[in-house]
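Just below is one structure, and these are the notes that go with it.
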Amino acid sequence: MFTGIVEEVGEVVDVRTDDDVVVLTVRAALAAEVGHGESVAVNGCCLTAVVPEGTEPGPALTLELVPETLKRTSLGAIAAGSGVNLERAVPAGGRLDGHIVQGHVDGIGTLVSRDPGERSDALRFSLPAELSRYVVEKGSIAVDGVSLTVAAVYPDGFGVALIPTTLADTTLGTRTPGDPVNLEVDVIAKYVERMTAGYLQGPGSGTEGAAR
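And the structure:
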């Protein structure tokens with residue numbers, strides 16, 4: 001589990017294909033503290049670190065992307081030189097500074113526009129239609145792994161307001177209109193929907209069991 005509080009912006013230094021797996025190498029200071037098999041959120045996508053047997057963690061992370069990840073996230077288009085938001089899994093008993101983020105990307109959105117202020121920016125993103133019911137004003141959403149508060153809801157998307165720290169310490173500060181972003185909606189909303197579906201649809205719907 002993650003919190004959506006980005007620890008570092010890493011740099012992708014290599015992208016290679018090994019059969020049907022894409023292997024990313026990401027230079028980052030936190031790589032020295034990540035062991036084999038540990039989870040790291042990369043632009044909001046939970047990936048597993050690979051440290052070859054007999055070696056120690058080094059200055060870069062090695063991460064493997066399978067076809068499912070490539071299909072469902074924006075990481076399939078990642079290239080060397082790209083910056084990526086990184087966050088290690090939150091430890092048990094650690095602070096939940098953002099919100100509950102699983103690192104399971106629900107869909108890909110697009111930055112539609114950004115309205116720069118003197119120190120803050122207002123950004124508007126498109127949203128896949130099937131995710132719109134989970135997004136509410138003043139609710140939480142993860143955009144490329146960054147925990148954000150929804151400032152506005154539109155028929156085809158949502159808006160957020162970025163503080164100076166977010167602009168400086170995440171890749172959202174350099175995103176331009178047209179850029180794709182990974183989106184993860186609030187998991188609590190999805191569970192509530194699933195658990196109440198049978199009651200909301202009423203007797204005879206055939207889904208009553210899902211509500212128990």
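Residue numbering for the sequence shown follows full-length UniProt numbering, beginning at 1 and increasing consecutively. From the three backbone atoms N, C-alpha and C, an ideal C-beta is built for every residue, glycine too.
Range covered by the beta strand (DSSP E) that runs through residue i
i, result
"A49", "Premise fails: A49 is in no beta strand (DSSP E) and is neither H nor E."
"T166", "No beta strand (DSSP E) holds T166; the alpha helix (DSSP H) holding it covers P164 to D169."
"S126", "D121 to S126"
"V112", "G107 to P116"
"L148", "V146 to Y154"
"P177", "Looking at the DSSP string, P177 is not in any beta strand (DSSP E), and its letter there is neither H nor E."
"V143", "S140 to V143"
Sheet register partners of residue i (DSSP bridge)
i, result
"L131", "L131 pairs with nothing; no bridge assigned."
"V187", "Bridge partners of V187: none, in fact."
"A161", "A122"
"V101", "F2"
"V181", "G109"
Presumed contact (8 Å Cβ cut-off) between residue i and residue j, rounded CB distance
i, j, result
"A161", "A151", "5 Å"
"E7", "R88", "6 Å"
"T3", "S140", "About 10 Å separates the two Cβ atoms, so there is no contact after all."
"P59", "A32", "7 Å"
"P177", "R114", "7 Å"
"D19", "P67", "About 10 Å; that fails the 8 Å criterion."
"G103", "C45", "6 Å"
"L70", "L47", "In fact, because the Cβ distance is near 12 Å, the residues do not count as touching under 8 Å."
Beta-carbon spacing of residue i, residue j below 8 Å
i, j, result
"G37", "A29", "no"
"V153", "V135", "yes"
"V9", "S74", "no"
"V26", "A80", "no"
"V90", "N43", "no"
"I78", "V12", "yes"
"L131", "G98", "no"
"T110", "S120", "no"
"L63", "L96", "no"
"V22", "L86", "no"
"L172", "D144", "yes"
"G159", "R124", "yes"
"R72", "V101", "no"
**Message:** To test your reading of the DSSP string, which unbroken alpha helix (DSSP H) runs of 4 or more residues are found completely within the UniProt repeat "Lumazine-binding" (1-99)?
**Reply:** Secondary structure within the UniProt repeat "Lumazine-binding" (1-99): the alpha helix (DSSP H) runs of 4 or more consecutive residues, fully enclosed, are 67-72 (chain order).
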